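Below you'll find the structure, written out as structure tokens, and then a few comments.
2 protein chains.
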Amino acid sequence: MNTYQRIVLASRPQGEVQPSNFRLETVERPVLQAGDILVRNHFLSLDPYMRGRMSAGKSYADPQPLDAPMIGGTVGEIIESKSAQFKVGEFVQAYGGWQTLSLLTPEAQTLVTRIADTTIPLSAYLGVLGMPGQTAWIGLTDILKARAGETVVVSAASGAVGSVVGQLAKLRGCRVVGIAGGAQKCRHVTETLKFDACLDYRQYPDYKRLASALAELAPKGVDAYFDNVGGLILDGVLEHMNAFGRVAVCGMISGYNGEPIPMANPLVILRSRLSITGFIVFEHRDRIPMAQAELVSHVKSQRIVTAETVAQALEAAPEAFIGLLKGKNLGKQLVSLI
Amino acid sequence: MNTYQRIVLASRPQGEVQPSNFRLETVERPVLQAGDILVRNHFLSLDPYMRGRMSAGKSYADPQPLDAPMIGGTVGEIIESKSAQFKVGEFVQAYGGWQTLSLLTPEAQTLVTRIADTTIPLSAYLGVLGMPGQTAWIGLTDILKARAGETVVVSAASGAVGSVVGQLAKLRGCRVVGIAGGAQKCRHVTETLKFDACLDYRQYPDYKRLASALAELAPKGVDAYFDNVGGLILDGVLEHMNAFGRVAVCGMISGYNGEPIPMANPLVILRSRLSITGFIVFEHRDRIPMAQAELVSHVKSQRIVTAETVAQALEAAPEAFIGLLKGKNLGKQLVSLI
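Taken in sequence, the protein lines are chains A and B. Sequential numbering from 0 applies to the first sequence in numbering that gives the first Met the number 0. Sequential numbering from 0 applies to the second sequence in numbering that gives the first Met the number 0.
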């Protein structure tokens, strides 16, 4: 194997992401310098945040550079090492990007985590035991401060983050209502993930009707809302929040042409004395060990279960990513690279 | 004096408040039962929250009943007492409503505060030492948690709440930028209230241009925003918030036809990891003694100064209230009843 494959950002999307925004390249296997490691990636994680990085606009992170490998979380095996810290044969979680091999310099290794427990499937370290699961734990614990007896709502409920939010909230004694798109996802949310109820938002053409439907599933009102999507769904949940309700804003979809979707009725913030807080997991690193310890325990005992949608081979990544943005996946969207 | 005057809510406004929504009545002086007191009101407070109470819609408080005296804060002198707690000749702050005399039952007396320090003008107990000043203190201290060196922005900066927010923030070592409507108010804000700068929002037709203008007055970005108005001004300030900025939502204007004004770009909540919190002073009673102690000290030493607009006689209240909603007043809007 003297070459490997990678996918670079060929152009920035105008509106919806197109396959032509990506370019598959075959390049020469890199030569390691002192301190470097080379990882053969087994799985690539696809996540909604990548859409934001593809645009050049101001955000909390720098945009993805053109003609460079797309960023992304990976798990894989070290196949070559010039580092004293890492040995060939060890498995690691890293931000290796959309490529079959990743050269990780000492600087890049600050974001590498060694995978010690190989009794858990490797792909879990990109989902419930990776960034999505940590995001769920931090949002529910530190931002929403959800307590037993409260009603928690989570959107994108069948997704990698939402599915963990809801199962964690159930374990903490909350009533949990998911919001998802379509009957199949809603069935998964109630039957497999064991949420108390799930609302199929596609049945409601405006936020007021969505709020009315939610009122039936959350008869005591909503105390805490974990928002992965914004827009009409956020508007609908806000209408049904209890006094002193908390909203954690974890993800938000902009309109197709890049223009933001307004919040319909911000007056509810005052009327119901709400707290709405945006957060990103990377700014809560000090909490990750505690999150991880709880999540590992729940996964091993199967108190938290997960679903995965796995695309095969790197060249399938663009199509899988476009499908993710349209909600075609169930659970964590991965690409298998081996 | 066997009669007194009062103003009742005659009808609920459709859109803008009209003089015909009110009715002036002359009624018989009430007869006291055991425990009651009768107060001759010296000043009536006019406040934006009254607009919300005039409508029948759901809010944090019950609507103002039709044909009953308009609610409102008052200061006055006890002229008759069948209470062991209160004596004739004492001055009190109360929610006496839009009337020249107020009968206060033992139940209503739970919201009565005796005015011990008569070296301070009585009207201050409806402004800086009343609900507006307490709102300012609680919002700045407990919701915004403003710290020395931070940049604080406050809208309706020349008003009863905003003027105290800004002066308190200056005393705590913040850079303070006010937002007000018109050159006269802006001059008052910088020259008399000593804010660092003031933005006349009327010069900016959209929120993006308002944000650009704010960027010049707050070159280090905005860490904390005390919002009294919502709408375009909120949109503009949100664009210029620093990461981890805090917004206290104290007041919000709905559109003329009662429909809410949307928030243009809620994506900034995530992009800048903001916290936006609605609050009302009545739900923070435990903090009022501490607020009041600090405010009294600042007023006595003239570290906080206030402006008042005083209408003469009860029959002038409706017109003064309509003017307040249009921003015609400078500082605290009062009605003198004696």
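Even glycine gets a Cβ: it sits at the ideal position worked out from N, Cα and C. Model, not experiment: these values are computed from the prediction.
Give the secondary structure of F42/A by DSSP, where H, G and I count as helix, E and B as strand, and everything else as coil. strand
Segments assigned beta strand (DSSP E), at least 3 residues, entirely inside the segment 27-103 of chain A: 36-44, 73-80, 90-93 and 100-103
Of all the CB atoms in chain B, is at least one closer than 7 Å to the CB of D59/A? The residue you asked about is not Asp; residue 59/A is Tyr in the sequence shown. Chain B, which has a Cβ nearer than 7 Å to the Cβ of Y59/A, makes this yes.
Looking at the C-beta of V248/B, does it have a partner C-beta in chain A at a distance below 7 Å? yes
What is the residue span of the alpha helix (DSSP H) that E238/A lies within? G230 to E238
Closer than 7 Å to chain B by CB, I178/A: With 7 Å as the cut-off, I178/A does not count as an interface residue toward chain B.
For Y224/A, collect the residues of the same chain with a Cβ closer than 6 Å to its Cβ; drop the 5 residues on either side in sequence, then sort them by chain order. V152, V236 and V246
Counting only beta-carbon atoms, is L273/A nearer than 7 Å to chain B? yes
Cβ distance (whole Å) where Q92/A is taken to contact G129/A below 8 Å: 6 Å
Closer than 7 Å at the beta carbon, the chain A residues around M289/B: Those within 7 Å of M289/B in chain A number zero; the least Cβ separation is about 20 Å.
Quickly, what does DSSP pair T276/A with across the bridge? List them, please. A247/A and S274/B, per the DSSP bridge assignment.
Could you pull the DSSP bridge partners for E24/B from this structure? R5/B
For the beta strand (DSSP E) that contains Q332/A, what are its first and last residues? K331 to S335
Taking just the CA atoms, how far does K144/A sit from G220/B? 29 Å
So for G138/A, helix, strand or coil by DSSP? helix
Looking at the C-beta of G277/B, does it have a partner C-beta in chain A at a distance below 7 Å? Yes, G277/B counts as interfacial toward chain A.
Taking the CB atoms as reference points, tell me whether N20/A and T73/A lie closer together than 7 Å. In this structure, T73/A does not lie closer than 7 Å to N20/A by Cβ.
Between which two residues does the alpha helix (DSSP H) holding V298/B run? I287 to K299
Which of helix, strand or coil does DSSP assign to N154/A? It should be pointed out that residue 154/A corresponds to Ser in this sequence rather than to Asn. DSSP places S154/A in strand when its eight states are reduced to three.
Comparing C-alpha positions only, which one of I268/B, N1/B, E79/B and P12/B sits nearest to K33/B? Checking the sequence, you will find Ala at residue 33/B rather than Lys. Of the candidates I268/B, N1/B, E79/B and P12/B, the one whose C-alpha sits nearest the C-alpha of A33/B is E79/B.
Taking its Cβ as the centre, do 16 or more other Cβ atoms sit within 10 Å of M0/B, making it buried, or is it exposed? Exposure of M0/B is indicated by the presence of fewer than 16 other C-beta atoms within 10 angstroms of its C-beta.
Taking C-beta to C-beta, are D226/B and G244/B nearer than 7 Å? no
Might you give, ordered along the chain, the residues of its own chain that have their beta carbon closer than 8 Å to the beta carbon of R142/B, omitting 5 neighbours on each side? Checking the sequence shown, residue 142/B turns out to be Ile, not Arg. Cβ neighbours of I142/B beyond the five flanking positions: R245, A247, T276 and F278.
Among G158/A, I137/A and R272/A, which one has its Cα closest to the Cα of R286/A? I137/A
Spatially closest choice to L313/B from V87/B, K299/B, G71/B and Y203/B, by CA coordinates: Checking every option, the nearest Cα to that of L313/B belongs to G71/B.
Taking only beta-carbon positions, decide if P18/B is within less than 7 Å of chain A. Taking CB atoms only, P18/B has no neighbour in chain A less than 7 Å away.
With a CB to CB cut of under 7 Å and the five nearest residues on each side skipped, what residues in its chain are close to G181/B? Scanning its chain for C-beta atoms nearer than 7 Å, with the 5 sequence neighbours on each side dropped, one finds around G181/B the residues D199 and R201, in chain order.
Where A263/B meets chain A, residues with beta-carbon distance less than 9 Å: Correct list: P259, P261 and M262.
In angstroms with no decimal places, state the Cα-to-Cα distance between S122/B and L333/B. Near 8 Å, if we compare the C-alpha coordinates of L333/B and S122/B.
Under 8 Å Cβ to Cβ from S54/B, same chain only, skipping five residues before and after it: list those, please. R11, P12, P62 and G257
Using alpha carbons as the reference points, say which of R186/B, E24/B and A210/B lies closest to L329/B. R186/B
Run through DSSP, which three-state label would C173/A get? coil
Assigned secondary structure, A223/B (DSSP; H/G/I helix, E/B strand, else coil): strand
Should L273/B and M251/A be called a contact, given that it needs their Cβ atoms to be closer than 7 Å? Inclusion of L273/B and M251/A in the CB contact set at 7 Å is not warranted, their separation being larger than that value.
Which one of V267/B, E106/B and A263/B has the shortest CA to CA distance from C249/A? V267/B
Applying the 10 Å Cβ sphere with the 16-neighbour rule, what's the burial state of D116/A? The residue in question, D116/A, is exposed, as its Cβ has fewer than 16 Cβ neighbours within 10 Å.
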